[in-house]
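In this note's numbering, the protein residues as written are -1 to 702.
Built from N, CA and C at the ideal position, the CB exists for glycine as well.
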C-alpha cells in the first residue's frame, strides 16, 4: 500500500509541479478560494502548514522524532515517512515549485468509533482550467482510476488493492481523502447552490482568527471544542462529564506550534481560545474575574503529578459570577445549591461568606502528589488556598472547626508535625458542597497552614509529607527543571495546569484499570520522555490567550534523576526525624497554640484512622436537624472585636474576643452567664490563664 501511495503521490506532484510551472511562466493568476471554506463543520481539529517541506524537515530532524522511531508501532509509521523523505530528496526541484503551498489536514468523526481525515492543498493558483486538458485525460488513461460525476468537476477514484483515494480539484484547491463522503461534503460546501453549514463564517471563529493573525510557526492547530467530547470518547471507556462540560463551554482554539532550534526538545503552542458566551460556565466566571498571580508553587511539592491553579483578581467576583451563571443556566441546580448552603449554615451556625470566603486570596489550586515511602495511600490529593489575610484565616478556621466539632463525636481535633498544626473538619463533602463537583476529590478535609497558604487534604499523612517537602525546600519553586520550564508561561493567568509525567506514572494506578496500566508500562519510555506538560489560559479581553509547552528529554536521564531525587528525599527526611525539636516547638506541643489545646491533641496517625462514622455526611442531614435556633452576634467595644452565640436574646454558646485579628479571650455562656473553661491568650497566642465557671461562678483558677 505504501509503495502504491507513494507512486500516485509522485505522479500527482509531477503534474501539479508542471501546472504550477506553466502558470508561473505565463503569469496566470485566477480567482482563489479560502481552503477553510471546504472543511466541513464537524472537523474535530485541523492541522495546517503554509511551508510544509521545511516544517517536515524540522520534525524529522528533531530529537523527539529520533527517539519515537525506536518504538515498534511508531517505527511502522516512520517507514512511510522515510519513503516520503526519500521522494522529496530525489525530486527537490519539483518540490521547490510547490514549497509555498498551504497544506490542511482535518479530522472528522465517521462513526462512534472511527475518525477519517480530509487533505487539502492550496496551490495558490487556479487549476480548474487545466483539469480538462491535462489532469482528466491523464487520470482517465490509468487502469486503476475511475472518474465519477459529482458537482461541477467530478471525483476521481484512485484505487489500490487495499484502499481508494478520492480526489477533486476546485479552482486552487486539491482535495482528497480515503473516505468518499468527506470529499463530497467538501464539494457541497464549495457549491454556492447548496446551503451547508460552515464554521468559517461563525462569529466566534472569526474573533479568534483575528486575535492570532497570520501563522507564526511550523504548524497551526485549530480545535473545534464542540466535538471535543466526541474525540475524547474514542479513547475513553465511558463518557467523562468534565470533558462534556468543556465541550459545551469552549468555542475554538487556534494556536501555532514552534520547535526549539537547539534540540532541547521544547515544543510550544501559542494562540487564543474563545468561549461559548451563550453557556454560563466555570470558564466564563474565571474570565470575568480577571487574572491573578500564580504563586502556590512555593508550597506545592516537586514530586507532584499535577498542579492545577485557578487564579483571579478577586475570588468574590469569581464566586459571584460562578453562581450567577448557575442561577441563569440551571435554576434547578442553583436552588438545590442554595438549600444545601442554608442547611450547612443553620446546622453548624456558620456564615460561609464571612467565615470562609472572606479570607480567600487570588489563587486556589488542586494537586496530586506521588506516594512516599511513608505514605499510607496512593490517593494523595490536596487543595491549596492562598489567603489574603492569614491571621484572619487562622481565626475563622478555628471557629469553623469548633462549630463542626460540637456536632461530631471525635475526642480530639489537631496534631503537630515539625511545629505545624494539622487540624480537621469532620464534614464529608465540604468542598463539593460549597465549590461544586470540581473539588469533590477532597471529601474529608484535614488542613494545615504554610506561609500564607491553607492546605487541605483527605489524609493527614499527605499534609505531613507536604510539610516535609517544604522544610527540605523540595517544592516546585525550588526545582531547577520546573523553573526553566515555567519561563514559557505568564506569571499571572486565569488557569494554569502542569503535569510531571514520570510522577504521573506513580499515581496512575488510582484511576486506570490494570490492563491499561500494563499497556502503558510497556511503552513507558515513549511517554515519560515528555517529562513536563504545561497549559495556561490568560484573560485577553473577551478571550483567553492560550499557551502550551511540552518538554522532551532522554527517558533514561529522566528516570535516573527521578530515582536520585526520591532517594535523596528519603535520606533528608530521616535526618529531619533525628533532629531534636526546638525549644519553641516543645513549648508549643506542651501548651498548644491558637489552633489547638493540649487536651484535644493527637498524633498524625490517630487523625488518619478516624472512623467514617465520626465524619458528618452533609447529604444525610436536613434543615430540620438543627434544633438550636441560635444566631451569631458580632460587635466591637473598646477597640476589641466580640463574637458570641445568642439564643432567645441571651448569650448562649461560644464567646470570643479579638484584637487586630488575634484571639485574646475564648469561653462560653449558658443562659447569659459564663459557663465552662475560659482561656486567656497573650499577643503570641499562648495560653497565659485558664478559668472554669459554673453558671456564672468561678470554680477553678490556674496560671501558667
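Between the alpha carbons of residue i and residue j, how many angstroms are there, rounded?
{"i": "residue 221", "j": "residue 438", "result": "29 Å"}
{"i": "residue 423", "j": "residue 440", "result": "11 Å"}
{"i": "residue 268", "j": "residue 311", "result": "23 Å"}
{"i": "residue 393", "j": "residue 659", "result": "7 Å"}
{"i": "residue 401", "j": "residue 697", "result": "25 Å"}
{"i": "residue 164", "j": "residue 181", "result": "7 Å"}
{"i": "residue 186", "j": "residue 109", "result": "20 Å"}
{"i": "residue 111", "j": "residue 398", "result": "50 Å"}
{"i": "residue 242", "j": "residue 666", "result": "50 Å"}
{"i": "residue 594", "j": "residue 219", "result": "Any reading at residue 594 is ruled out, since the residue's pLDDT is 40, under 50, leaving its predicted position unreliable."}
{"i": "residue 689", "j": "residue 680", "result": "15 Å"}
{"i": "residue 263", "j": "residue 484", "result": "15 Å"}
{"i": "residue 414", "j": "residue 420", "result": "6 Å"}
{"i": "residue 250", "j": "residue 32", "result": "18 Å"}
{"i": "residue 43", "j": "residue 416", "result": "51 Å"}
{"i": "residue 493", "j": "residue 290", "result": "9 Å"}
{"i": "residue 676", "j": "residue 649", "result": "15 Å"}
{"i": "residue 105", "j": "residue 550", "result": "26 Å"}
{"i": "residue 359", "j": "residue 313", "result": "6 Å"}
{"i": "residue 25", "j": "residue 173", "result": "For residue 25, the predicted structure reports a pLDDT of 47, less than 50, and the residue's modelled location is therefore unreliable. The matter cannot be settled from this model."}
{"i": "residue 2", "j": "residue 323", "result": "Summary for residue 2: the model assigns pLDDT 41, below 50, so the residue's position carries little reliability, and this model does not support an answer."}
{"i": "residue 240", "j": "residue 547", "result": "22 Å"}
Since residue i is in the alpha helix (DSSP H), which residue starts that stretch and which ends it?
{"i": "residue 463", "result": "458 to 469"}
{"i": "residue 324", "result": "313 to 327"}
{"i": "residue 273", "result": "Looking at the DSSP string, residue 273 is not in any alpha helix (DSSP H); the run it does join, the beta strand (DSSP E), is 264 to 273."}
{"i": "residue 184", "result": "178 to 188"}
{"i": "residue 246", "result": "239 to 247"}
Is residue i buried or exposed, if buried means 16 or more other CB atoms sit within 10 Å of its CB?
{"i": "residue 457", "result": "buried"}
{"i": "residue 692", "result": "exposed"}
{"i": "residue 404", "result": "exposed"}
{"i": "residue 643", "result": "buried"}
{"i": "residue 694", "result": "exposed"}
{"i": "residue 331", "result": "exposed"}
{"i": "residue 682", "result": "exposed"}
{"i": "residue 225", "result": "buried"}
{"i": "residue 489", "result": "exposed"}
{"i": "residue 21", "result": "Confidence at residue 21 is low in this model, with a pLDDT of 49, below 50, so its placement is unreliable and the value that follows should be read with caution. By the neighbour-count rule (16 or more Cβ atoms within 10 Å), residue 21 is buried."}
Helix, strand or coil for residue i, going by three-state DSSP, please let me know.
{"i": "residue 681", "result": "coil"}
{"i": "residue 505", "result": "helix"}
{"i": "residue 222", "result": "strand"}
{"i": "residue 33", "result": "helix"}
{"i": "residue 424", "result": "coil"}
{"i": "residue 537", "result": "strand"}
{"i": "residue 206", "result": "helix"}
{"i": "residue 546", "result": "strand"}
{"i": "residue 388", "result": "helix"}
{"i": "residue 310", "result": "coil"}
{"i": "residue 576", "result": "helix"}
{"i": "residue 473", "result": "strand"}
{"i": "residue 487", "result": "coil"}
{"i": "residue 283", "result": "helix"}
{"i": "residue 564", "result": "helix"}
{"i": "residue 627", "result": "Annotation note: pLDDT 49 at residue 627 (below 50); position unreliable, no value reported."}
{"i": "residue 199", "result": "helix"}
{"i": "residue 400", "result": "helix"}
{"i": "residue 298", "result": "coil"}
{"i": "residue 648", "result": "strand"}
{"i": "residue 556", "result": "helix"}
Need the endpoints of the beta strand (DSSP E) that residue i sits in, please.
{"i": "residue 357", "result": "No beta strand (DSSP E) contains residue 357, which DSSP labels as neither H nor E."}
{"i": "residue 107", "result": "100 to 107"}
{"i": "residue 640", "result": "638 to 645"}
{"i": "residue 168", "result": "162 to 168"}
{"i": "residue 715", "result": "With the chain covering -1 to 702 only, the question about residue 715 has no answer from this structure."}
{"i": "residue 673", "result": "Residue 673 -> no beta strand (DSSP E), and no H or E assigned at all."}
{"i": "residue 293", "result": "Neither: residue 293 is in no beta strand (DSSP E) and is coded neither H nor E."}
Any heavy atom of the ligand ZN closer than 6 Å to the beta-carbon of residue i?
{"i": "residue 218", "result": "The ligand ZN is not part of the structure shown, which contains no ligands of any sort."}
Are the region 286 to 298 and the region 459 to 479 in contact at 8 Å, needing three or more beta carbon pairs?
-> yes
Touching by the beta-carbon criterion (3+ pairs, under 8 Å), the region 204 to 211 and the region 152 to 166 = no
Does the pairing of the region 653 to 672 with the region 389 to 405 give three or more beta-carbon distances under 8 Å?
-> yes
Assess, as a yes-or-no matter, whether the region 535 to 550 is touched by the region 560 to 576 under the definition of 3 or more beta carbon pairs within less than 8 Å.
-> no
At least three beta-carbon pairs within less than 8 Å, the region 301 to 320 to the region 358 to 365 | yes
With a cut-off of 8 Å, do at least 3 Cβ pairs link the region 329 to 348 to the region 270 to 279?
-> no
Decide if the region 527 to 534 is in contact with the region 569 to 577; the criterion is three or more beta carbon pairs, one per stretch, under 8 Å apart.
-> no
Meets three-Cβ-pair contact criterion under 8 Å: the region 448 to 468 and the region 378 to 385 = yes
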